[in-house]
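2 protein chains.
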Amino acid sequence: MARQLARTAPLAAKWRKLAEGRCAEKGERLTPARLAVYAEMLARRRAVSAYELIGLLEKRQERKIAPLTVYRHLDFLIRTGLVHRLQSTQTYLPCDHPDQAHESQFLLCSSCGNVDEVESTGLEALLSRIADERGFRPDNAVVEVKGLCGACAVEEQD
Amino acid sequence: MARQLARTAPLAAKWRKLAEGRCAEKGERLTPARLAVYAEMLARRRAVSAYELIGLLEKRQERKIAPLTVYRHLDFLIRTGLVHRLQSTQTYLPCDHPDQAHESQFLLCSSCGNVDEVESTGLEALLSRIADERGFRPDNAVVEVKGLCGACAVEEQD
DNA sequence: GAACGATACGTTATATTGTATCCTTCGTTG
DNA sequence: CAACGAAGGATACAATATAACGTATCGTTC
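For the record, the sequence lines run as chains R and P.
Anchor point for the first sequence: position 112 equals 112 in the working numbering, and the numbering is continuous, going up by one each time.
Numbers in the working numbering are just positions in the second sequence, counted from 1, shifted up by 1000.
In structure tokens, the structure reads:
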């Protein structure tokens, strides 16, 4: 197992602490395999598909990894709020707001692929109100805006 | 071709007119095959997956239909605003607001599967503002709220 | 109406994303 | 350490979506 640990992407203490904290809160176990997947995602800091992630992990660990394995780890990471799934691109992104669990909204740049995670309580409130008016009891909301990020919008003007 | 037309789901004049109007606006062609897919979707009036739709069409037309065919028709229907794609369930739903093109938000019931299409200009405005504050130039927004519809929420109380 | 370009359609194969099943391993707890 | 439940692994497969290529159809222009 020491070998496997040695082949995990470097993980800043900040993120490790965060993961430990979340697991403690939710009564989940933070295993090396789970941590390895999280570390790999943090090493990229961008949205990756599940299969991209498999490739990255296989390369780092020099062994085959079954899709199901990664999907289970992703489930875990999403359950604990450490990772978000972007529905409109079927990709996964480590949460960028370590402070506390929350609902997020995302701005996806269709040019450079960058994703900006934002948190608007105003938007959440409005969504709640809209649901409420229709007798709908909301559980969770997917809000993903596609467009051009600031940098790419500027470039395009030229 | 008469055979194929005969095996198209019935399509109320209202929806046919709508499709014709949208095509005229956008310079698209409204072919029998496209209309058949639209009619099939309207006959269900609920969100269906692409492969469900293939099955329905194959049954009605008594012949094999390649996935790509249906995906192309779906592209067309989405382009013309006649159909929405629900990102969080990878399903497709005929638009329920025939008046004019628009951005929609969706309330998806996780119990009965019903989808309520709503249109909130307030929400759109807020999303624009959030994007604008970050220099993001929005193109289109995915807003999909999962939860329990009124009817299912009541049932669950028992 | 013949020729042409653009759009739509069909077929085959394949890529991508995600699950089912079954068994093994690990960690805790008594 | 025995027993139990959670986590991990292997194999197979299901579901969703696209690539590449050729053919047919439509609309225009001559």
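Glycine included, every Cβ here is placed at the ideal spot set by N, Cα and C.
Taking one beta carbon from each stretch, the segment 1128-1137 of chain P and the segment 1075-1092 of chain P have fewer than 3 pairs nearer than 8 angstroms; the two do not touch. Sequence-distant partners of residue 94 of chain R (beyond 5 residues in either direction) whose C-beta falls short of 6 angstroms from its own C-beta, in its chain, are 41, 42 and 83. Taking 8 angstroms as the cut-off, the beta carbon of residue 1060 of chain P is found no closer than this to the beta carbon of residue 1113 of chain P. Unbroken beta strand (DSSP E) runs of no fewer than 3 residues, entirely contained in the segment 81-138 of chain R, are found at 83-86, 91-94, 105-109 and 115-118, following chain order. Listed along the chain, the chain P residues whose CB falls inside 9 angstroms of the CB of residue 130 of chain R are 1105, 1107, 1118, 1120, 1122, 1123 and 1145. Shown here, residue 148 of chain R sits in a strand according to DSSP, grouped into three states. For residue 1114 of chain P, there are no C-beta contacts with chain R under 8 angstroms, since the nearest C-beta of that chain is about 10 angstroms from it. Nearest in C-alpha terms to residue 64 of chain R, of all of R/104, R/51 and R/148, is R/51.
Counting along the chain, the unbroken alpha helix (DSSP H) around residue 1058 of chain P starts and ends at 1050-1061. For residue 96 of chain R, no Cβ of chain P is located within less than 8 angstroms of the residue's own Cβ.
Annotation for residue 1048 of chain P: 1041, 1091 and 1092 place their beta carbon closer than 7 angstroms to its own, counting only its chain and skipping 5 residues before and after.
Distance from the Cα of residue 56 of chain R is smallest, within the candidate group R/75, R/68 and R/36, for R/36.
With respect to the 8 angstroms criterion, residue 88 of chain R and residue 144 of chain R are classified as neighbours on the basis of their beta carbons.
Taking 8 angstroms as the threshold, the shortest C-beta distance from residue 88 of chain R to chain P falls below it. DSSP places residue 1141 of chain P in the strand class (E or B) of the three-state scheme.
Taking C-alpha positions only, residue 1141 of chain P is separated from residue 1106 of chain P by approximately 11 angstroms. Put simply, the backbone Cα of residue 1068 of chain P is about 45 angstroms away from that of residue 16 of chain R. Closer than 8 angstroms to the CB of residue 136 of chain R there is at least one CB belonging to chain P. Interface criterion met: the Cβ of residue 1110 of chain P is under 8 angstroms from a Cβ in chain R.
Within a 10 Å sphere around the beta-carbon of residue 1102 of chain P sit fewer than 16 other beta-carbons, which makes this residue exposed.
Straight through space, the alpha carbons of residue 1039 of chain P and residue 1011 of chain P are spaced by roughly 5 angstroms. Rounded to the nearest angstrom, the gap between the Cα atoms of residue 1070 of chain P and residue 131 of chain R is 33 angstroms.
Assignment of residue 1010 of chain P by DSSP, reduced to helix, strand and coil, places it in the coil class. Between residue 115 of chain R and residue 123 of chain R, the C-beta spacing is not below 8 angstroms. If the five residues before and after residue 1152 of chain P are omitted, its C-beta is found closer than 7 angstroms to the C-beta atoms of 1109, 1111 and 1112, all from its own chain and listed in chain order. Exposure of residue 1066 of chain P is indicated by the presence of fewer than 16 other C-beta atoms within 10 angstroms of its C-beta. Within chain R, 87, 88, 142, 143, 144, 145 and 146 have C-beta atoms less than 8 angstroms from the C-beta of residue 1142 of chain P, given in sequence order.
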